[in-house]
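Student: Residue numbers for the sequence shown, in the working numbering: 8 to 253.
So that we are looking at the same thing, I have put the structure below in structure tokens.
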Amino acid sequence: MSNNRPETGSFFARDREWHPPAFTPWYKTSVLRSPQKAMISLDNTISEITGPVFGHNMLGELDDDLIHNFARPGESAIGQRIIVYGRVLDERGRGVPGALLEFWQANAGGRYRHKKEGYMAPLDPNFGGCGRTITDEDGAYAFRTIKPGPYPWPNGPNDWRPAHIHFSIFGHGFAQRLITQMYFEGDPLIWKCPIVRTIPDKAAIEQLVAALDMEATIPMDARAYKFDIVLRGRRSTMFENRLEGN
Ligand SMILES: [Fe+2]
8 MSNNRPETGS FFARDREWHP PAFTPWYKTS VLRSPQKAMI SLDNTISEIT GPVFGHNMLG
68 ELDDDLIHNF ARPGESAIGQ RIIVYGRVLD ERGRGVPGAL LEFWQANAGG RYRHKKEGYM
128 APLDPNFGGC GRTITDEDGA YAFRTIKPGP YPWPNGPNDW RPAHIHFSIF GHGFAQRLIT
188 QMYFEGDPLI WKCPIVRTIP DKAAIEQLVA ALDMEATIPM DARAYKFDIV LRGRRSTMFE
248 NRLEGN
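Below, the structure is given as structure tokens:
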């Protein structure tokens, strides 16, 4: 693909028209979090273009199965069973092998297992809400989970997050670290969400919406959603502008 932006070291510079601006007052916490001074451009150095190497032997047997990884023996998490799968690609569309994906999400009722959680939906004793996997030689990944519920959050008087899964992806260097969120096709809350609406480009938002894929669905077991992720470059998946999930 063409890319007119400069490469800095081994990576293309981030496209700041594709990613959301740091200051978006309708997303309340961005006001204090956004920089107060102009940015300074720095080239990548060796510390950004290198990174740890992840191997499949660091993973536990159930790390890619959120339906079971915190469940009591013989039991499973409550909710709509789904498979999330896709590929991690670099800025030239090549698969990124050995990328570490970590994901976390609310339970089927929209509740996190978190001390400061303020939503009254119940916890599920069989659901922890986090897992991880590593991409194969083609950059492909897959995991099983339950579909998270939407939840309210203290921003405006009545803001609800669309159903979403948080992702951290670690590619081949620290400059390829990506934190983002995946949404679900057809959810009307996506277009009402103040966090989603910090993204200026509709196509960039649509890149965060996983498509229902009936071809990959397992009958009588789990529906499938496809979510491809691009690390750095003109078409890279939107970087989230907050460091901790909500
Ligand atoms: Fe969240």
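The C-beta atom is built at its ideal place from N, Cα and C for all residues, glycine as well.
1. Taking 7 Å as the cut-off, is the beta-carbon of Ala113 closer than that to any non-hydrogen atom of ligand 1?
2. Looking only at its chain, what residues have a beta carbon closer than 7 Å to the beta carbon of Ser41, apart from the 5 residues adjacent to it on each side?
3. Would you decide whether His63 is buried or exposed? Buried here means 16 or more other CB atoms lie within 10 Å of its CB.
4. Flag Arg151 as yes when its Cβ comes closer than 7 Å to any non-hydrogen atom of ligand 1, and as no otherwise.
5. Please list the terminal residues of the continuous alpha helix (DSSP H) segment that includes Lys233.
6. Take every Cβ of the region 119-129, pair it with every Cβ of the region 46-54, and state whether three or more of those distances are shorter than 8 Å.
7. Pull up the distance between the alpha-carbon of Phe281 and that of Arg99, whole angstroms please.
8. Can you list, in chain order, the residues of its chain with a C-beta nearer than 7 Å to that of Arg79? Leave out the 5 residues immediately preceding and following it.
9. Rounded to the nearest angstrom, how far is the Cβ of Ala217 from that of Phe191, given a contact under 8 Å?
10. Under 8 Å by Cβ, that's how I've got Val60 and Gly105 pegged, so tell me the actual separation to the nearest angstrom.
Tutor: On the basis of the supplied data:
1. yes
2. If we look at Ser41 and ignore the five residues flanking it on each side, its Cβ neighbours are Ala29 and Phe30.
3. Only exposed fits His63, as fewer than 16 other CB atoms lie within 10 angstroms of its CB.
4. no
5. Note, Lys233: premise wrong, no alpha helix (DSSP H); beta strand (DSSP E) at Arg230 to Lys233.
6. no
7. Because the chain here runs from 8 to 253, residue 281 falls outside it and cannot be looked at.
8. Apart from sequence neighbours up to five positions away, the residues of its chain that approach Arg79 with a beta-carbon distance below 7 Å are Asn133, ordered along the chain.
9. 6 Å
10. 7 Å between Cβ atoms; contact.
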